[in-house]
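Residue numbers (my numbering): -4 to 192.
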C-alpha cells in the first residue's frame, strides 16, 4: 500500500482536496483532527499539557483551545513542547489506523509535512496551492479572525515556492471543478504506480 502525504498552507483548501480523494474511495487520515481528538480523549496527553500550561488549559474536561492557542502561538518553545506531546501520539494513532486499511493507497493530510522532513516517510507528496488573496478570503469566511492575523500566519509558514521544490505533485486549488479533475488525474497516476510497486 502506498502512502501519500498531502499538505498546503492556511486557506489553500487541503481539506477540500482530501474530501475529493475520500469521495473517489481513497481512505484519508487527517492528522490535525486526530490531534484534536487525542487532546480530548487521552488522559496521558491531558496530564502532560496541564503540567506545562496549567489547570486552565482544560475546562470541563475539554481542551481550552483559546487559552492553549494564546499561550503557544507566540512562544516557539511552548509550541515545540506541545507538538512533542501530540505528534508522537498522532504517529501511533496513524500506525494503528493504517494497519486497518486495505486500499491501493491512502492519503495522510497534515498542515506541516515538509518543514519537519515528514514527507520522506511517504511514497508521494502532494502540495495544495491557491493565490494568497484567495486563501485570505477563504479563512476570513471560515474563521473568526482578521486579515492581519491571517497574513501573520501565512508569513509564519513556509512559502509555496519553497514547498513546491519538495513536492511530487501540486494541485492548484482555485476552481472546484478543475480541482476535481486534478484529483481524478492524480488518482490514476498513483493507482498505476501502486500496481507497479
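Ideal Cβ placement from N, Cα and C applies to all residues, glycine included.
As the structure is a computational prediction, the values presented were derived from the model and not from experiment.
Q: Assuming residue 109 contacts residue 2 (C-beta within less than 8 angstroms), just tell me the rounded distance between them.
A: Here residue 109 corresponds to residue number 114 of the chain shown, with the count starting at 1. Here residue 2 corresponds to residue number 7 of the chain shown, with the count starting at 1. Correct: roughly 7 angstroms between the Cβ atoms.
Q | Proximity of residue 185 and residue 100 at Cβ, strictly below 8 angstroms | A | Working through the chain shown from its first residue, we reach residue 185 at position 190. Working through the chain shown from its first residue, we reach residue 100 at position 105. Cβ atoms of residue 185 and residue 100: closer than 8 angstroms.
Q. Out of 17, 7, 189, which has the shortest C-alpha to C-alpha gap to residue 178?
A. Taking the chain shown and counting its residues from 1, one reaches residue 178 at position 183. Nearest option by C-alpha distance: 17.
Q: Tell me where the beta strand (DSSP E) around residue 122 begins and ends.
A: If you number the chain shown from 1, residue 122 lands on position 127. Segment 119 to 124, the beta strand (DSSP E) holding residue 122.
Q: Within 10 angstroms of the Cβ of residue 47, are there 16 or more other Cβ atoms? Answer buried if so, exposed if not.
A: Indexing the chain shown from 1 puts residue 47 at position 52. Exposed, since its Cβ has fewer than 16 Cβ neighbours within 10 Å.
Q | Counted within 10 angstroms of its Cβ, other Cβ atoms place residue 182 as buried (16 or more) or exposed | A | Indexing the chain shown from 1 puts residue 182 at position 187. Classification of residue 182: buried, given that the 10 Å Cβ count is 16 or more.
Q) First and last residue of the beta strand (DSSP E) that includes residue 101? A) Mapped onto the chain shown, residue 101 falls at position 106. Segment 100 to 104, the beta strand (DSSP E) holding residue 101.
Q: Can you have a look at residue 114 and say buried or exposed, based on whether 16 or more other CB atoms are within 10 angstroms of its CB?
A: Position 119 of the chain shown, counted from the first residue, corresponds to residue 114. The residue is buried, with at least 16 neighbouring Cβ atoms inside 10 Å.
Q. For residue 9, does the three-state DSSP call read helix, strand or coil?
A. Along the chain shown, read from residue 1 onward, the residue named residue 9 stands at position 14. Helix at residue 9.
Q) Mind checking residue 38: buried by the 16 CB within 10 Å criterion, or exposed? A) The residue labelled residue 38 in the question sits at position 43 within the chain shown. By the neighbour-count rule (16 or more Cβ atoms within 10 Å), residue 38 is not buried but exposed.
Q. Is residue 161 helix, strand or coil when you go by DSSP?
A. As a first step, residue 161 is located in the chain shown; it is residue number 166 there, counting from the start. In this structure, residue 161 counts as coil in the three-state DSSP scheme.
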